[in-house]
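Peer 1: Protein chains in written order, with this note's numbering: chain A, 1 to 113; chain B, 1 to 115.
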């Protein structure tokens, strides 16, 4: 079945440093989605990328979708303490007319003030 | 309500007990998903409903797991004869259509602990 790998598993950065997490799928995706989960919370949708090579920005966050639609990255510039949490990518494949999401293992970001 | 709600938020069960977990999706949402999230892992797909029809149950780990959505709104995930390996957070998500590219909105989850 489809597998989605994410690296690194953990990342500790000083406040103000940049952060990047990488996501790789074993199969071509219809789209990829990114979620943020705060400690003790539930996944919250951040963004969806659909097109090959697509790049989207949300303030300090930059999301990229690879040309082959099998990998993606999330880059945060100048991290803040509010960025703490686990970032999951989720690869989408069409199944029974709807999307079936396969989540990555997540990257847990901690910020050193 | 404004979002997806789940109850109970926490459930402790003795091994062998049956449990029922409830999900109230966002009103009018067509699609409903159940996920299982073990500690330190990403959510894993269990099953998917489009209205009252269960279109995909390929992620259910065993025949002890059963889900229903009889009126196309509220859904219940039932686990029979619970085992310790069933301990996890069970997340429910809904989306407004059955189409591709629709955002899934997650509920707060039910944390199940099996002793």
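The C-beta atom is built at its ideal place from N, Cα and C for all residues, glycine as well.
Taking all protein chains shown into account, do 16 or more other C-beta atoms lie within 10 angstroms of the C-beta of residue 69 of chain B, making it buried, or fewer, making it exposed?
Peer 2: Residue 69 of chain B should be labelled buried.
Peer 1: Just checking: is the beta-carbon of residue 42 of chain A within a distance shorter than 7 Å of some beta-carbon in chain B?
Peer 2: Cβ-Cβ to chain B under 7 Å: yes for residue 42 of chain A.
Peer 1: Which chain B residues sit within Cβ distance under 8 Å of residue 100 of chain A?
Peer 2: Ordered by position in chain B, the residues that pass the 8 Å Cβ test against residue 100 of chain A are 45, 48 and 56.
Peer 1: Quick check: is the beta carbon of residue 103 of chain A nearer than 7 Å to any beta carbon in chain B?
Peer 2: Yes, because at least one Cβ of chain B sits closer than 7 Å to the Cβ of residue 103 of chain A.
Peer 1: Reducing DSSP to helix, strand and coil, say where residue 83 of chain A ends up.
Peer 2: In this structure, residue 83 of chain A counts as helix in the three-state DSSP scheme.
Peer 1: In three-state DSSP terms, what is residue 85 of chain B?
Peer 2: In the structure shown, residue 85 of chain B sits in a helix (DSSP, three-state: H, G or I).
Peer 1: Residues of the region 56-86 of chain B with a CB closer than 9 Å to any CB of chain A: list them in chain order, please.
Peer 2: Of all residues in the region 56-86 of chain B, 56, 58 and 59 have a Cβ within less than 9 Å of some Cβ in chain A.
Peer 1: On the criterion of 16 or more Cβ atoms from any shown chain inside 10 Å, does residue 86 of chain B qualify as buried, or is it exposed?
Peer 2: By the 10 Å Cβ count, residue 86 of chain B comes out buried.
Peer 1: Identify whether residue 12 of chain A lies in helix, strand or coil by the three-state DSSP scheme.
Peer 2: Correct three-state label for residue 12 of chain A: strand.
Peer 1: Is the region 19-39 of chain B touching the region 91-100 of chain B in the sense that three or more CB pairs, one from each, lie closer than 8 Å?
Peer 2: Segments in contact, yes.
Peer 1: Just to make sure I have the definition right: I need the residues of chain B whose C-beta is within less than 7 Å of the C-beta of residue 91 of chain A. Which are they?
Peer 2: Per Cβ cutoff of 7 Å: no residues; residue 91 of chain A is ~11 Å from chain B at best.
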